[in-house]
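Undergrad: My questions all concern the structure below.
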Ligand code: TXA
Ligand code: MG
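Written as structure tokens, this is what we have:
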């Protein structure tokens, strides 16, 4: 592992984008904001740089990465897009959607980054800082979320710093992200498949497809076979505290992650309370989710009790991450 690195933190801007491009070209690791969460980028074609991503994060090496590109022409050099994949790309890119498509014959992404699969995950992020870095660098950048493997994803540069300072070369600080949960991943297979709910709602994708997304077969997360979306390991988004879902009351040694205007019995004496969205706005709740989980966890409660959140629109992604956080470890 590359530890003891001096991690430089630069503000977003022209100089920041140029420093990021130089660092990537030299095989370094650069954390940068996207609209979903902060990513930890490396040159997709440089297998050694990709290996450093895995070691910096402490990430299982079988877990493939998303290739980030600035435009559709660059995406099509990496993956083969059929008519349906193109329709999704045109409807939602740039944006919080990742498409898993077959690799091109001369796909430049390192085998290590695709974990030996014959498919590749691609997305065009909708963030001016990410776009400036991708254009300045001029080649694909693979980037998982910029956190220690198993922690919640970073929505601020400060989250990246607290997880990865000393392990990566550069952090570009572009302020808080807008979406707050990772991209939705769709597998462009015979029947398009929702591999991970995320920042683009299932409803909007199905409206463009004119058909429902299929679900992956039962997840193979407990055995060591290769899962379809291997990042979807059971306890992937985990604070240190236990997480208790569908809370209707809260104990004094618990912190409360609230949603909506209702107040719960015991709320006054809870160890801490944060409300994802007092107005019950699911987009606002997604944007606050990971930051609030980190903030409550920092108060070291025994448990984080979470109020019920509706399973619609971005609620599907929020509940997915919360269920993973609640898996006993
Ligand atoms: O919003 C996001 O998607 C963020 C930002 C930085 O772009 N990135 C992100 O990356 O969440 P990561 O590495 O945390 O999650 C990538 C997911 C994993 O679940 C991985 O298994 C899946 O993408 N994936 C990558 N390549 C795949 C492939 N060929 N087939 C199926 N799943 C794939
Ligand atoms: Mg992640």
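Residue numbers (the working numbering): 26 to 354. C-beta atoms are modelled at their ideal positions from N, C-alpha and C, and glycine is treated no differently.
Kindly indicate which residue of 69, 89, 75 and 169 has the alpha-carbon position closest to the one of residue 63.
TA: By one-based count along the chain shown, residue 63 stands at place 38. With distances taken between Cα atoms, residue 63 lies closest to 169.
Undergrad: Looking at ligand 2, does it come within less than 8 Å of residue 172, judged from the CB to the closest heavy atom?
TA: As a working note, residue 172 is residue 147 in the chain shown. Yes; taking the cut-off as 8 Å, the Cβ of residue 172 has a heavy atom of ligand 2 nearer than that.
Undergrad: Just to confirm, does residue 169 get its C-beta within under 8 Å of one of the non-hydrogen atoms of ligand 3?
TA: Absent from the structure shown: ligand 3. Ligands present: ligand 1 and ligand 2.
Undergrad: Given this structure, state the Cα-to-Cα distance separating residue 162 from residue 325, to the nearest angstrom.
TA: Position 137 of the chain shown, counted from the first residue, corresponds to residue 162. Position 300 of the chain shown, counted from the first residue, corresponds to residue 325. Straight-line Cα distance between these residues: approximately 41 Å.
Undergrad: Beta strand (DSSP E) containing residue 221: first to last residue?
TA: Taking the chain shown and counting its residues from 1, one reaches residue 221 at position 196. Residues 218 to 221.
Undergrad: Is there a C-beta anywhere in chain B that falls below 9 Å from the one on residue 59?
TA: Checking the listed chains, one finds no chain B in this structure; it contains a single protein chain.
Undergrad: Just to confirm, does residue 208 get its C-beta within under 8 Å of one of the non-hydrogen atoms of ligand 2?
TA: Walking along the chain shown from the start, residue 208 turns up at place 183. Because no heavy atom of ligand 2 lies under 8 Å away, the Cβ of residue 208 does not count as near it: no.
Undergrad: From residue 79 to residue 158, what does the alpha carbon distance come to, in whole angstroms?
TA: One-based indexing of the chain shown puts residue 79 at position 54. One-based indexing of the chain shown puts residue 158 at position 133. Roughly 21 Å between the two C-alpha positions.
Undergrad: Short check: CB of residue 207 to CB of residue 221, under 9 Å?
TA: Here residue 207 refers to the residue found at position 182 of the chain shown. Here residue 221 refers to the residue found at position 196 of the chain shown. Going by C-beta atoms, residue 207 is nearer than 9 Å to residue 221.
Undergrad: Residue 104 bridges to which residues according to DSSP?
TA: Counted from its first residue, the chain shown places residue 104 at position 79. In the DSSP output, where bridge partners are listed per residue, residue 104 has 128.
Undergrad: In the DSSP assignment, what residue or residues form a beta bridge with residue 35?
TA: On the chain shown, position 10 is the one that residue 35 refers to. Answer by DSSP bridge pairing, in chain order: 197.
Undergrad: Looking at ligand 2, does it come within less than 8 Å of residue 187, judged from the CB to the closest heavy atom?
TA: One-based indexing of the chain shown puts residue 187 at position 162. Result no, Cβ not under 8 Å from ligand 2.
Undergrad: Measure from the alpha carbon of residue 160 to the alpha carbon of each residue in 289, 277 and 44, then state which is nearest.
TA: Stepping through the chain shown from its first residue, residue 160 is reached at position 135. Considering only alpha carbons, the answer is 44.
Undergrad: Assign residue 188 to buried or exposed, taking buried as 16 or more other Cβ atoms, counted over all protein chains shown, within 10 Å of its Cβ.
TA: To locate residue 188, count along the chain shown from 1; it is residue 163. The residue in question, residue 188, is buried, as its Cβ has 16 or more Cβ neighbours within 10 Å.
Undergrad: Please report how far the alpha carbon of residue 76 lies from the alpha carbon of residue 137, in whole angstroms.
TA: By one-based count along the chain shown, residue 76 stands at place 51. By one-based count along the chain shown, residue 137 stands at place 112. Each residue's Cα considered, the two are about 7 Å apart.
Undergrad: Is it the case that the Cβ atoms of residue 72 and residue 135 are separated by a distance below 9 Å?
TA: Numbered from its first residue, the chain shown carries residue 72 at position 47. Numbered from its first residue, the chain shown carries residue 135 at position 110. Yes.
Undergrad: Do residue 103 and residue 129 count as a contact pair if the criterion is CB distance below 9 Å?
TA: By 1-based counting over the chain shown, the position of residue 129 is 104. By 1-based counting over the chain shown, the position of residue 103 is 78. A contact, by the Cβ cut-off of 9 Å.
Undergrad: So residue 279 and residue 304 are supposed to be a Cβ contact under 8 Å. How far apart are they, rounded?
TA: As a working mapping, residue 279 is identified with position 254 in the chain shown. As a working mapping, residue 304 is identified with position 279 in the chain shown. At roughly 24 Å, the Cβ-Cβ gap does not stay under 8 Å, so residue 279 and residue 304 are not in contact.
Undergrad: Please report the straight-line C-alpha distance between residue 203 and residue 142, rounded to a whole angstrom.
TA: Residue numbering aside, residue 203 sits at position 178 when the chain shown is read from its first letter. Residue numbering aside, residue 142 sits at position 117 when the chain shown is read from its first letter. Each residue's alpha carbon lies about 31 Å from the other.
Undergrad: Check whether the region 264 to 280 touches the region 326 to 336, taking contact to mean three or more Cβ pairs, one atom from each stretch, closer than 8 Å.
TA: Taking 8 Å as the limit for Cβ pairs, the verdict is that the region 326 to 336 does touch the region 264 to 280.
Undergrad: Using a 10 Å radius around the Cβ and a threshold of 16 neighbouring Cβ atoms, would you call residue 123 buried or exposed?
TA: Within the chain shown, residue 123 is the residue found at index 98, counting from 1. Buried, since its Cβ has 16 or more Cβ neighbours within 10 Å.
Undergrad: On the DSSP bridge assignment, give the partners of residue 58 in chain order.
TA: Your numbering for residue 58 matches position 33 in the chain shown. Bridge partners of residue 58: 63.
Undergrad: Is the separation between the beta-carbon of residue 152 and that of residue 58 shorter than 9 Å?
TA: Locating residue 152 in the chain shown gives position 127, where the first residue counts as 1. Locating residue 58 in the chain shown gives position 33, where the first residue counts as 1. Yes, these two residues count as a Cβ contact at 9 Å.
Undergrad: Hey, quick one: how far does the alpha helix (DSSP H) through residue 307 stretch, first residue to last?
TA: Taking the first residue of the chain shown as 1, we reach residue 307 at position 282. Looking at the DSSP string, the run of the alpha helix (DSSP H) that includes residue 307 is 307 to 323.
Undergrad: Keeping to the same chain, check which residues put their C-beta closer than 8 Å to that of residue 277; ignore five residues upstream and five downstream.
TA: Working through the chain shown from its first residue, we reach residue 277 at position 252. Result list for residue 277: 291, 294, 295 and 296, in chain order.
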